[in-house]
Amino acid sequence: MKVLVLGGAGYIGSHICKALALLNHQSVVVDNLSTGHREAVRWSRFIEADILEPDTLIKILQEEGPFDLIMHFCAKSLVGESVEKPALYYRNNVAGTLNLLDAMVATQHNKLVFSSTAAVFGMPEKELIDEQHSRLPINPYGQSKKMVEDVLGDYHHAYGIKSVALRYFNACGADPDGEIGERHEPETHLIPNILKSAIAGKTSGLKVFGDNYPTPDGTCIRDYIHVNDLASAHILAGEYLQQNDGAFAFNLGNGNGFSVFQVIEAAKNVVQQDIAYSIEPPRAGDPSTLVADSTRARQVLGWQPAYTDIESIIATAWTWHQNEKF
Ligand code: UDP
-1 MKVLVLGGAG YIGSHICKAL ALLNHQSVVV DNLSTGHREA VRWSRFIEAD ILEPDTLIKI
59 LQEEGPFDLI MHFCAKSLVG ESVEKPALYY RNNVAGTLNL LDAMVATQHN KLVFSSTAAV
119 FGMPEKELID EQHSRLPINP YGQSKKMVED VLGDYHHAYG IKSVALRYFN ACGADPDGEI
179 GERHEPETHL IPNILKSAIA GKTSGLKVFG DNYPTPDGTC IRDYIHVNDL ASAHILAGEY
239 LQQNDGAFAF NLGNGNGFSV FQVIEAAKNV VQQDIAYSIE PPRAGDPSTL VADSTRARQV
299 LGWQPAYTDI ESIIATAWTW HQNEKF
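Heads up: the sequence shown is residues -1 to 324, going by my numbering.
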């Protein structure tokens, strides 16, 4: 396949570009480098551009295409920031995606894999979240992704755009070769924060946001899924779109929940040292438990996550953080 990867300089996009290259697929990355890293684009032709510029998108699709598939990762993705700056989120995530979809229609491109999120669901109504779960987001980030999912249904109906929305639970881990990994400024995610505090050797660097949730140990439970397993799901989704017509959505997780304390314990085993933390007030908008039911992705796409053990997931991130290359 020849694939256009929007947001390919970011954490998840860069891992997908490596996975595509390993399967001999060709990729072109478009990224505005607002949060991505030029050094992470190692397996693709790179074009610095912004999805907020509709004419640029049309030009890229015309001059670099035709593409068999488009993958779209350009998004703002921090829940807290989305509450403070909803305009930024709706403009980038919704208006930016509309620009892309309209450019696709204008240039006769009709296959899109879209980066969605468990945040479209809001507060969980049952233990395992499947695709039937109601979508009632509780923050502008989740709302912006839900809006795009709805647009994708309408664009399929009216313009024949075929799409798969992949709703990630907690993406984590890194390329096991240590060539690329997770690097956010500021870092808000649990596993990188644990490992960074292990490296810094601080006595109280790590903050645990809330220990009074209705969970067995009082800390939030999440479903941690390795970034390379997300990568394989994207490639399967792209292949699925070559054969199937519709606007589809799949939930991607391991189906196992780990509490913040359990993740810290697992990380201690990986880094072979104690990790100190302080208990802080809960973060706004954090549901107590988010765990995926990914039966549908397994059955329909044939997806099989390779990393099911939390310690081996953390070990790949540890390889990266000990020797970050950018
Ligand atoms: N968390 C924490 N300390 C941190 C970062 C995260 O206690 O430094 C908690 C957070 O409150 C949530 C869980 O870890 O319960 C996962 O948070 P993360 O930001 O990694 O992912 P999210 O679930 O928000 O997408």
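Beta carbons: idealized from backbone N, C-alpha and C, even for Gly. Because the structure is a prediction, the values reported are computed rather than measured.
Go ahead and pull the three-state DSSP assignment for residue i.
i    : result
H154 : helix
D227 : helix
D29  : strand
Y305 : coil
H232 : helix
N22  : coil
S195 : helix
V81  : helix
V206 : strand
S42  : coil
C15  : helix
H182 : coil
I49  : coil
K160 : strand
For residue i, tell me which candidate among the options has the shortest Cα-Cα distance.
i    : options                : result
L234 : V111, F259, P190, H154 : V111
D209 : D284, K16, G5, V77     : D284
A306 : N168, S113, Y88, F207  : The question names Ala, but residue 306 in the sequence shown is Thr. It is N168.
F119 : P135, L126, E129, K109 : P135
Q302 : H319, T314, D272, N249 : N249
V206 : P279, S292, E322, N90  : P279
Y9   : A304, A295, G171, T213 : G171
S75  : R220, S12, Q141        : Q141
F259 : T95, C72, D215, W41    : D215
E263 : L188, L67, H224, P184  : L188
S25  : N191, I58, Q130, Y157  : I58
N108 : E82, K160, Y88         : K160
A247 : Y238, G255, N91        : Y238
G63  : Y157, I219, L21, A104  : A104
L67  : L18, Y87, R165, E79    : L18
L31  : E82, L204, V81, A7     : A7
A101 : N267, Y153, I127       : Y153
L99  : R133, Q60, I277, Y157  : Y157
T317 : G244, I178, P212       : I178
G236 : R36, F65, Q271         : F65
I52  : E129, V146, N90        : Reading off the sequence shown, one finds Pro at residue 52, where the question assumed Ile. Taking only the C-alpha atoms, the option nearest P52 is N90.
Please confirm whether any heavy atom of the ligand ZN lies closer than 7 Å to the CB of residue i.
i   : result
V28 : As far as ligands go, the structure on display features the ligand UDP and does not contain the ligand ZN.
Which partner residues does residue i have in the DSSP bridge list?
i    : result
I219 : S257, T287
R165 : S114, N249
I68  : L2, L110
- [ ] Please specify which runs of the alpha helix (DSSP H), each continuous and at least 4 residues long, are wholly inside the stretch 94 to 151, giving them in chain order.
- [x] Restricted to the stretch 94 to 151, the alpha helix (DSSP H) segments that are unbroken, complete and at least 4 residues in length are 94 to 104, listed in chain order.
TODO: Any chance you could list the beta strand (DSSP E) runs of at least 3 consecutive residues sitting entirely within the stretch 235 to 286, in chain order?
DONE: With a minimum length of 3 residues, the continuous beta strand (DSSP E) runs that stay inside the stretch 235 to 286 are 245 to 250, 275 to 278.
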